[in-house]
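Down below is the structure, laid out as structure tokens.
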Amino acid sequence: MKTELLKLSKNIITLLEKNGITTATPIQKKIIPAIMEGRDVLAQSETGSGKTISFAVPVIEKINFKDGLCALVLVPTRELCTQVADEFHKFSKGKNLGVTAVYGGVSIENQIRKIRRTNIIVATPGRLIDLIDRKVIQLNKIKYLVFDEADRMLDMGFIRDIEKILKNIPSDNLQTMLFSATVSKEITELSKKYLYNPVHVILKASVEPEFLQQTYYQTTQNQKLSLLIHLLKKERDLSLVFCNRKHVTSKLADKLTKSGIQAKCLHGDMSQSQRERVTNDFKHKKFNILIATDVASRGLHIEDISHVYNYEIPKDVDSYTHRVGRTARAGKKGEAISLVTNGEEQKFFRQILFNYKGIIKLNTVEEKFLAEAEKRIPIEQKEKRKQGEGKFFKEKKRFGESKGRPKNEEKDWRDFRRKKKNHRRGKSGGFKETGRKRSKFSK
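Here this note's numbering is used: the first residue of the sequence shown is -1, the next is one more, and so on.
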């Protein structure tokens, strides 16, 4: 369907065309007319389906500058907050509407000054609660309320904040729109409580086999990093590497950088300015490998990502679907690759392969790489040997190793190692007992 058939104003259609949007996506075809008619909406849609435009455009169409603050969009993360606010800015040109992004990690005073003359607020729940407690914002004129990625907000424990916010918004003449990647029991309860006779739109972003190739490698923990480096060195396009834990992202970024790969990490412990700098540099291709956690990657809308790597296997099929949906966008080809170690096989096969509707093929590692990897010492072990941090070196240091020592000292050191080992196992030939009885639980 062409955007002209959505009964939008000429100004909006012109702005859509300037941004390369001439045809509406399936979710936009269903949601934009429903919002324009004043209906509440409950939509299930994955990232990359065009859902932001589907609620931003009709909300912009329905409000004027003189209305004051009348639209509120709640989002789970700072990155998504700035992304959604940018979309509102982009399509509100010509109407002089004020749009303000409200999130933590930056100066609250600047945000307070901006909200005094704004029409639309895009906010994370925590920072909005701070503004409400300070009594610097009033939500009594809100007519349009949007929950974007509501499932993630509930996962992050924002339900109490959401309920507190909604107590400050009058329910009379309130139009509510709820968007979620999954419709869980909690989402259903939330919709029943706050939505009136909503239009249900269930539209998961389908992955076409001709656009997205999905494979997995079976590897060992020692070979995993070497395999990732081997694969990344083949590619020069933008790639996104997913990890489950924050500290893994930073460590992995350091190891890839030492291997000659341009990589940076993105996680929740970084300051807002750091996260914005990394995201913008990645968008502008100043580096081509971004390592991120699931939460930090929420709100990343980058069309040119060619590869997605699951360095650590996601917790469930929904997280997997969200990750692989970062590539193969706008008709471009993409590839999603999972690195599965022996300890992750059960989770991958039971939770991902069994429940995922698409096709994920096994990819065999090149024999040449395997031969090289077997000979190669893992990077972690190399670093420990250089720095003398391993268990072997600590004991040497403790015993008093010195370079160029005589052979009799070398023999004494070997005797020390043997006695210590026998002492732990409770065998004869260990250290002399000190009179204290050995517990059966001691090593």
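Glycine residues also receive a C-beta, built at the ideal position from the N, C-alpha and C atoms.
**Prompt:** Looking at the unbroken beta strand (DSSP E) that takes in G142, where does it start and where does it end?
**Reply:** It should be noted that the sequence gives Tyr, not Gly, for residue 142. Boundaries of the beta strand (DSSP E) around Y142: Y142 to F145.
**Item:** Contacting residues, own chain, Cβ-Cβ under 6 Å from V197 (five flanking each side not counted)
**Value:** Apart from the 5 residues on each side of it in sequence, V197 sits with its Cβ closer than 6 Å to the Cβ of A32, R37 and V39 in its chain, given in chain order.
**Request:** Taking only the alpha-carbon atoms, compute the straight-line gap between K139 and E333 and give it to the nearest angstrom.
**Result:** Here the C-alpha atom of K139 lies approximately 46 Å from the C-alpha atom of E333.
**Request:** Have a look at G155 and E161 and give me their C-alpha separation to the nearest angstrom.
**Result:** C-alpha separation (whole angstroms): 12 Å.
**Request:** My understanding is that A251 touches I289, with C-beta atoms under 8 Å, so please give their C-beta distance in whole angstroms.
**Result:** Yes, A251 and I289 are in contact; Cβ-Cβ is about 5 Å, under 8 Å.
**Asked** Near K331, which residues of its chain fall below 7 Å by C-beta distance, leaving aside the five closest residues on each side in sequence?
**Response** Setting aside the 5 residues that flank it on each side, K331 is surrounded in the same chain by F209, each with a C-beta closer than 7 Å to its C-beta; the list follows chain order.
**Request:** Assign Q173 to buried or exposed, taking buried as 16 or more other Cβ atoms, counted over all protein chains shown, within 10 Å of its Cβ.
**Result:** Buried, since its Cβ has 16 or more Cβ neighbours within 10 Å.
**Item:** Spatial distance of I375 from G258 (CA atoms)
**Value:** Because the pLDDT of I375 is 49, which lies under 50, any placement of that residue in the model is unreliable, and the question is left without a value.
**Item:** Alpha-carbon to alpha-carbon, L126 and R275
**Value:** Rounded to the nearest angstrom, the two C-alpha atoms are 24 Å apart.
**Message:** Using C-beta distances below 8 Å, list every residue in its chain close to P168, excluding the 5 sequence neighbours before and after it, in chain order.
**Reply:** Cβ within range, chain order: N138 and I140.
**Request:** Answer with buried or exposed for L14, where buried requires no fewer than 16 other C-beta atoms within 10 angstroms of its C-beta.
**Result:** So L14 ends up on the buried side.
**Prompt:** DSSP state of I303, grouped into three classes?
**Reply:** DSSP places I303 in strand when its eight states are reduced to three.
**Asked** Who are the Cβ neighbours of G329 in its own chain at under 8 Å, not counting the five residues just before and after it?
**Response** Within the same chain, G329 has close Cβ partners F209.
**Asked** Who are the near neighbours of S237 in its chain, counting only those whose CB is closer than 8 Å to its CB and skipping five residues on each side?
**Response** L230, N286, I287, L288, I303, S304, H305, V306 and Y307.
**Asked** What residue from A99, G92 and Q42 has the CA that sits closest to P24's CA?
**Response** If we check each option's Cα against that of P24, Q42 comes out closest.
**Asked** What number of angstroms, rounded off, separates the C-alpha of D128 from the C-alpha of N220?
**Response** Taking the CA atoms as reference points, D128 sits about 47 Å from N220.
**Those residues which DSSP pairs with S295 across a bridge** = DSSP, once it has assigned bridges, lists no residue as partnering S295.
**Request:** Report yes if the C-beta distance between I118 and V134 is below 9 Å; otherwise report no.
**Result:** Taking 9 Å as the Cβ cut-off, I118 and V134 do not qualify as a contacting pair.
**Message:** In the DSSP output, which residue or residues are listed as bridge partners for C263?
**Reply:** C263 pairs with I289.
**Request:** Please name the residue or residues paired with V97 in a DSSP beta bridge.
**Result:** Bridge partners of V97: I118.
**Beta bridge counterpart(s) of F156 as assigned by DSSP** = Paired residues: none, contrary to the question.
**Request:** Would you kindly check if the distance between the Cβ of K359 and the Cβ of Y214 is under 9 Å?
**Result:** Yes.
**Prompt:** For D149, is the classification buried or exposed, using 16 other Cβ atoms within 10 angstroms of its Cβ as the cut-off for buried?
**Reply:** Per the 10 Å Cβ criterion, buried.
**Asked** Among all the DSSP beta bridges, which residues are the ones paired with K359?
**Response** Bridge partners of K359: T213.
**Request:** Could you tell me if F53 is buried or exposed, where buried requires 16 or more neighbouring beta carbons within 10 angstroms of its beta carbon?
**Result:** It counts as buried.
**Request:** Report yes if the C-beta distance between I300 and R324 is below 9 Å; otherwise report no.
**Result:** Yes. Within cutoff.
**Message:** Using CA atoms only, rank isn't needed, just tell me which of E35, L225, M34 and V55 is closest to N9.
**Reply:** If we check each option's Cα against that of N9, V55 comes out closest.
**Proximity of F177 and K49 at Cβ, strictly below 9 Å** = Yes, they are a contact pair.
**Asked** In chain order, what residues of the same chain have a beta carbon less than 8 Å from the beta carbon of E443, not counting five sequence neighbours either side?
**Response** Because residue 443 is not part of the residues shown, which for the chain are -1 to 441, the question remains open.
**Item:** Spatial distance of S224 from T218 (CA atoms)
**Value:** Looking at the two C-alpha atoms, the distance is approximately 10 Å.
**Asked** For Y142 versus K60, is the C-beta spacing smaller than 9 Å?
**Response** In this structure, K60 lies closer than 9 Å to Y142 by Cβ.
**Item:** Inter-residue CB distance, T122 and R76 (contact presumed, cutoff 8 Å)
**Value:** By a beta-carbon distance limit of 8 Å, T122 contacts R76. Their separation comes to about 6 Å.
**Asked** Excluding sequence positions up to five away, which residues of its chain have a Cβ less than 7 Å from the Cβ of Q211?
**Response** Contacts found: E333.
**Prompt:** By how many angstroms is the C-alpha of L152 removed from the C-alpha of E184?
**Reply:** In a straight line, the C-alpha of E184 is about 8 Å away from that of L152.
**Own chain, CB closer than 7 Å to N17, minus 5 neighbours either side, in chain order** = Same-chain partners within the cutoff: K88.
**Request:** Measure the C-alpha to C-alpha separation of E342 and K256 and round it to an integer number of angstroms.
**Result:** Going by the C-alpha atoms only, they are around 26 Å apart.
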